[in-house]
Amino acid sequence: MIGGGLLAPDAASRTIPWMVAVMAFVAALALALALAVEAAAARFGAGLAGNVTIEIPHAESDAATAARAQAVVTALAAVPGVLSAAAVPRETTARLVEPWLGADLAGLGQAGSALPLPTLVDVRVDPSDPPREGTLAAVVGAVAPDIRVDDHHLWVDQILGWVTAVRLAAGTVLLGAVLGIGLTVALATRAALAIHREVIEILHVIGAHDSYIARQFQRQALWMGLQGGAAGAALAAVLMMLIGTAGMIVRTGLLPALEFGTREWLAVGLLPVAAAAIAVVVARKVVLRALARTM
Numbered sequence: 001m002i003g004g005g006l007l008a009p010d011a012a013s014r015t016i017p018w019m020v021a022v023m024a025f026v027a028a029l030a031l032a033l034a035l036a037v038e039a040a041a042a043r044f045g046a047g048l049a050g051n052v053t054i055e056i057p058h059a060e061s062d063a064a065t066a067a068r069a070q071a072v073v074t075a076l077a078a079v080p081g082v083l084s085a086a087a088v089p090r091e092t093t094a095r096l097v098e099p100w101l102g103a104d105l106a107g108l109g110q111a112g113s114a115l116p117l118p119t120l121v122d123v124r125v126d127p128s129d130p131p132r133e134g135t136l137a138a139v140v141g142a143v144a145p146d147i148r149v150d151d152h153h154l155w156v157d158q159i160l161g162w163v164t165a166v167r168l169a170a171g172t173v174l175l176g177a178v179l180g181i182g183l184t185v186a187l188a189t190r191a192a193l194a195i196h197r198e199v200i201e202i203l204h205v206i207g208a209h210d211s212y213i214a215r216q217f218q219r220q221a222l223w224m225g226l227q228g229g230a231a232g233a234a235l236a237a238v239l240m241m242l243i244g245t246a247g248m249i250v251r252t253g254l255l256p257a258l259e260f261g262t263r264e265w266l267a268v269g270l271l272p273v274a275a276a277a278i279a280v281v282v283a284r285k286v287v288l289r290a291l292a293r294t295m
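Counting from 1, position 132 in the sequence shown corresponds to residue 132 in our numbering; the numbering is continuous, with no gaps.
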């Protein structure tokens, strides 16, 4: 089982690292994606904190819509807790809907066009002392009853629900990968015990303790865990780089960007060590239990 040691290499010692690599790859990817999604959601939520958007439907003319927007801005400026309020240029609004409507059609939303895009008012409130609930709705409702207030709570709640689902899914996948590594090493160790039974009996005859024999299997398990873990982590790192590159190219600003930072890379880098540790612990327990029963 152990090249260069007391036990000769067997089939398991050559094939198990590949099986560990597959499970390590899945575990690394699940862990990195979960951490990246959590970080992206935190950045997205921080960006929305203290922001409120007022949506003013398009009136019978651009001038009437602009007048309503100015009335809303003036009314909000007097509300305690409001730091600033400013109408968003129609060109900016057109760019926001461009991913859905396309560049040509979104351009119709600019001033003087026939596309009735609403006018948006960007409001910044004091996060430590925001206006009372319903205050902003009452203020803008006095200007026009069809004006809508969006405090982004729905977005934040949806993002938090998404993060929770990703965490649960990643945790399930990670637990499955860890159990898979442990089961794979356990089966390989049992097979190696059967293959090298005669050698183990000879070692017992010459006075070798069970812990000494277990260490022989632990060394091989350590090597298998490191090999498989490193291969799986390397494959996951390549895929993470591809995902990061694709995210930079496709980024629209509508959703939080998925980025892999130091925490994610560190988690993937530590995976071979974790796989090796699991393999060593499992191999030792399997060997000692088997020897206690049969020897």
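C-beta atoms are modelled at their ideal positions from N, C-alpha and C, and glycine is treated no differently.
A direct Cα-Cα distance of roughly 7 Å separates Asp146 from Pro57.
Under the Cβ criterion (8 Å, minimum of three pairs), the region 126–133 does not count as touching the region 23–35. Under the DSSP assignment, Asp62 falls outside any beta strand (DSSP E), being part of the alpha helix (DSSP H) whose first and last residues are 62–77. With 16 or more neighbouring CB atoms inside 10 Å of its own CB, Gln218 falls in the buried class. Per the coordinates, the alpha-carbon of Ala165 lies some 22 Å from the alpha-carbon of Trp265. Under the Cβ criterion (8 Å, minimum of three pairs), the region 225–240 counts as touching the region 19–30.
Take the alpha-carbon of Thr189 and the one of Gly161: they are about 42 Å apart. Under the three-state reduction of DSSP, Arg132 is assigned to coil, being neither helix nor strand.
Leu76 is positioned such that its CB atom lies no closer than 8 Å to that of Val20. Burial is judged here by how many other beta carbons sit within 10 angstroms of a residue's own beta carbon; Arg90 has at least 16 and is buried. Nearest to Val280 by C-alpha distance, out of Ile181, Thr135, Ala292, Val268, is Ile181. Between the alpha carbons of Asp157 and Ala41 lies a gap of roughly 11 Å. In this structure, the alpha-carbon of Leu271 lies about 19 Å from that of Glu259. Burial is judged here by how many other beta carbons sit within 10 angstroms of a residue's own beta carbon; Ala170 has at least 16 and is buried.
In the three-state DSSP reduction, Val173 falls in the helix class (H, G or I). Separation of Ala85 and Val139 (C-alpha to C-alpha, rounded to the nearest whole angstrom) is 13 Å. Under DSSP, Asp122 shares a beta bridge with Thr53, Ala86.
Relative to the Cα of Val143, the nearest Cα in the group Ala66, Leu183, Leu203, Ala208 belongs to Ala66. Membership of Asp150 in the beta strand (DSSP E) is indicated by the continuous run 148–150. Annotated as distal: Ile213 and Leu222, with beta-carbon spacing of 8 Å or more. Between Ala87 and Thr53, the beta carbon gap of about 11 Å keeps them out of contact (Cβ cut-off 8 Å).
A Cβ-Cβ separation of about 5 Å places Leu136 in contact with Val149 under the 8 Å criterion. For Ile206, the secondary structure class from DSSP, reduced to helix, strand or coil, is coil.
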